[in-house]
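Converting from the sequence shown to this note's numbering requires adding 12 to each position, the first position being numbered 1.
Here's the structure we're looking at; comments come further down.
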Amino acid sequence: MTRLQPGPKPTLFNFAREVIDRWSQERAESSALVLVTQGKRRDVSYRELSERSVHVAAALYALGVRQGDTIVISAARCRDFYEILCAAIRSGILVCPVAGALSASDLEYRIQKVGAKAFIGDLPQIHKVLSVDSVPSPY
C-alpha cells in the first residue's frame with residue numbers, strides 16, 4: 013500500500029476559495045454538483061457554484077452577517093442550499109443546518125442556542141420562525 017506523504021499545511025484553508033474557485037478556473041464547466049429532483053438531472057458547474065456563492069456572500073455581508081457569525085439554514089438540499097453553504101464557508105460564517113420538520117419552538121431553541129445572526133429557510137419555515145415572539149428580528 014502506498015502512503016501519501018503529508019505536504020506543507022497551509023496556515024489558512026478555505027474550501028470555497030482553495031477548491032471551488034480554483035476548480036472554477038481549471039475545470040470551469042465540470043460538474044461540481046449533480047442534483048436529481050423528480051427524475052430530472054441538473055448539473056451545476058464549478059464556475060456557476062463559485063460565481064453564485066460569491067453573490068450570496070455579498071448579499072449576506074450586505075445584511076450584516078460577518079465572519080464568525082452563525083446562520084441557521086432550513087432548506088432542501090437543492091442548488092440554493094449548496095450556494096449558501098459555499099458562501100458561508102467563503103465568508104467564515106458558521107452554519108447550523110436544521111431539519112424542515114422542526115416545530116417553531118424547536119427552531120426558536122436552535123436559533124437562540126447558537127446565537128444565530130440570521131435564519132435562511134423556505135416560506136413555511138420563515139412563517140414558523142416569525143410566529144415565535146422571543147426570536148430577535150430580523151429573521
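All C-beta atoms, glycine included, are put in the ideal place defined by N, C-alpha and C.
A buried status is given to Ser-36, since no fewer than 16 other beta-carbon atoms sit within 10 Å of its beta-carbon. With distances taken between CA atoms, Ser-115 lies nearest to Gln-137 out of Glu-38, Gln-137 and Ala-99. Shown here, Ile-105 sits in coil according to DSSP, grouped into three states, outside any helix or strand. For Ala-44, the uninterrupted beta strand (DSSP E) run begins and ends at 43-49, by DSSP. Contact between the region 68-76 and the region 52-59 is absent: fewer than 3 CB-CB pairs across the two stretches fall below 8 Å. The criterion of a C-beta distance shorter than 8 Å is satisfied by Ala-100 and Ile-83.
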